[in-house]
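Visitor:
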DNA sequence: TGGACAAATCTTGCATACAAGACTGGAAAG
DNA sequence: CTTTCCAGTCTTGTATGCAAGATTTGTCCA
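Residue numbers (UniProt numbering), protein chains in the order written: chain A, 1 to 243; chain B, 1 to 243.
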């Protein structure tokens, strides 16, 4: 099991902890989610863990292999395409019908873009992953439709899993530029352009995937055995900022 | 508890049985879903019933009132607006990007429209409700994105609950005409028109709602005490076919 | 007659126990 | 040395038991 131990105390719901761990890429697709370990970690019985798993399963975030265990979903290449297709439709539709940006929304978006810049500068990979997904959720929130926001939240989680599976390097600057362009279009009060930019942005991200890549069943082991080039003090983010 | 006893034997999963009951309007919003009764009905323990409830709760189809019980969701007026808003975005987006209709798809759609006509003629209300929702799910299936299909399936279930709460009469013919128009536009290979028609269709349905209506807490009792004007041999469908 | 209180009964919340399939490791046989 | 098999151990699947809050109903008192 991966790094779930950094979650706040057991006040957090189990669902949220797991989704958060995915949204910030602290947990990999295919990671095992042992009922016993989660139960111990949250100081509850397996019953509640299972209930959380059932909810997450309904959201396509975890899957169960009968009598073998629960695992963080590993979206197939086909599923990946469908997720991006769904996001294109939903996000472009949201932006197209987006009302005029309120002052506070504009402020919040700018603050978010600034956060992205800082995370890129600080080479804080987890935070960056989190922010990159959160941007789209924020847009949905501003659009003011909680139903679609909820849908997008799940799709974002799945997107992150997809990225982790099929994307060798994160083109953070490219994504950041895309976000900036969308915000600019919104501020120019041109929702049609914003929608088009969102589609292009998602296209770019999808094109950055290598959907022919077979998932590596040894990935876990490989990671564990490698001397930690992932140390935070090193400069692994050079790759990430690479565009 | 309402009419869930007509479900096929316990081979059916509990989730599916409940969703089916909603999709065909055999069960009302706000209906109580007793764990014990469901457990007895499906000859399983409460554990499995609870797991099904957890999954359905994640899909916003049932809600739990702590230590009071599980109930079929009663979407608020605000939620209703958001659901229709979400459907407008998703369905119009789907139609706009819909590929050219294959022969078998065209055939299937025509068969569906014919089914609608028959259900209207036979005044089969349950079947009609089912078909009306199913039309949109079929479109999504033809569009070929299972992710969005799944989302729409849940939204359709919620739409039916909304209709049952806020719609006094079902304008079946109007809806049927809308469906026909959408199919015609698709056959004319005009996805843009199909998308526009879908938006208008959903607008019409939403406008047919009375979102100011307060839910009647005595509805159940009222229904039970009234001498059955709802008898199948009577002609209640005259109201339904009313446009 | 009306209202307040309390016991009885219902509901879910949660933990636990046990069953059964899947995996692992080692021993035995070829 | 390789392969096969089997026991041990781990996993989830499911049922059950008990606790605690919510509701109902009956009773008593004013």
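Note that the Cβ used here is the ideal one computed from N, Cα and C, for glycine as well.
In its own chain, which residues sit with a C-beta less than 6 angstroms from the C-beta of residue 46/A, not counting the 5 before and 5 after it?
Guide: Cβ within range, chain order: 35, 39.
Visitor: Could you tell me whether any Cβ in chain A is nearer than 8 angstroms to the Cβ of residue 54/B?
Guide: Chain A, which has a Cβ nearer than 8 angstroms to the Cβ of residue 54/B, makes this yes.
Visitor: Check the C-beta distance from residue 152/A over to residue 171/A and give it rounded, since I have them as a contact under 8 angstroms.
Guide: Their Cβ separation, rounded to whole angstroms, is 21 angstroms, which puts residue 152/A and residue 171/A out of contact at 8 angstroms.
Visitor: Can you check DSSP and say which residues form a bridge with residue 62/B?
Guide: Bridge partners of residue 62/B: 72/B.
Visitor: Kindly indicate which three-state DSSP category residue 32/A falls into: helix, strand or coil?
Guide: It is a strand residue.
Visitor: What does the Cβ neighbour count give for residue 192/B, buried or exposed, with the cut at 16 atoms within 10 Å?
Guide: Exposed, since its Cβ has fewer than 16 Cβ neighbours within 10 Å.
Visitor: Would you check if the distance between the CB atom of residue 51/B and the CB atom of residue 50/A is smaller than 8 angstroms?
Guide: Yes. Within cutoff.
Visitor: So with CB distances below 7 angstroms, who are the chain B contacts of residue 58/A?
Guide: Correct list: 55, 58, 59.
Visitor: Taking 6 angstroms as the limit between beta carbons, can you name the residues of its chain near residue 199/B, skipping five residues before and five after?
Guide: Same-chain partners within the cutoff: 88, 92.
Visitor: Where does residue 147/A sit, in a helix, a strand or coil, going by DSSP?
Guide: Note: residue 147/A maps to helix in three-state DSSP.
Visitor: Determine the contact status of residue 159/A and residue 83/A, defining contact as a CB-CB distance below 8 angstroms.
Guide: Going by C-beta atoms, residue 159/A is nearer than 8 angstroms to residue 83/A.
Visitor: Measure from the alpha carbon of residue 185/B to the alpha carbon of each residue in 57/B, 225/B, 166/B, 98/B, then state which is nearest.
Guide: Among 57/B, 225/B, 166/B, 98/B, the Cα nearest to that of residue 185/B belongs to 98/B.
Visitor: So, under 8 angstroms CB-CB, residue 179/A and residue 116/A are touching, yes? Tell me the CB distance rounded to an integer number of Å.
Guide: That belief holds up - the Cβ atoms of residue 179/A and residue 116/A are roughly 7 angstroms apart, short of 8 angstroms.
Visitor: Is the Cβ-Cβ distance between residue 133/A and residue 23/A less than 8 angstroms?
Guide: In contact: residue 133/A and residue 23/A (Cβ atoms closer than 8 angstroms).
Visitor: Looking at chain B, is there any beta carbon in it that lies within less than 8 angstroms of the beta carbon of residue 30/A?
Guide: With 8 angstroms as the cut-off, residue 30/A does not count as an interface residue toward chain B.
Visitor: Between residue 13/B and chain A, is any beta-carbon pair separated by less than 8 angstroms?
Guide: Judged by the 8 angstroms Cβ criterion, residue 13/B is not in contact with chain A.
Visitor: Could you work out which residue in 183/B, 157/B, 67/B is closest to residue 80/B when comparing CA atoms only?
Guide: The option with the nearest alpha carbon to residue 80/B is 157/B.
Visitor: With a threshold of 8 angstroms between beta carbons, is residue 18/A in contact with chain B?
Guide: Output row for residue 18/A: interface = no.
Visitor: Quick check on residue 101/A: does DSSP put it in helix, strand or coil?
Guide: In this structure, residue 101/A counts as coil in the three-state DSSP scheme.
Visitor: Against residue 86/A, what residues of chain B qualify as contacts under a CB-to-CB distance less than 8 angstroms, listed in chain order?
Guide: By Cβ distance, chain B contributes 145, 147, 148, 151.
Visitor: For residue 171/B, does the three-state DSSP call read helix, strand or coil?
Guide: Three-state result, residue 171/B: coil.
Visitor: Do you know whose CA, among 208/A, 141/A, 41/A, lies nearest residue 95/A's CA?
Guide: Nearest C-alpha to residue 95/A: 141/A.
Visitor: Beta carbon of residue 37/A, beta carbon of residue 72/A: below 8 angstroms?
Guide: For residue 37/A and residue 72/A, no; Cβs fall outside 8 angstroms.
Visitor: Grab the span of the alpha helix (DSSP H) containing residue 83/A for me, first residue to last.
Guide: It spans 77-96 - the alpha helix (DSSP H) in which residue 83/A sits, taken as one unbroken run.
Visitor: Is there a C-beta anywhere in chain B that falls below 8 angstroms from the one on residue 64/A?
Guide: So, not an interface residue.
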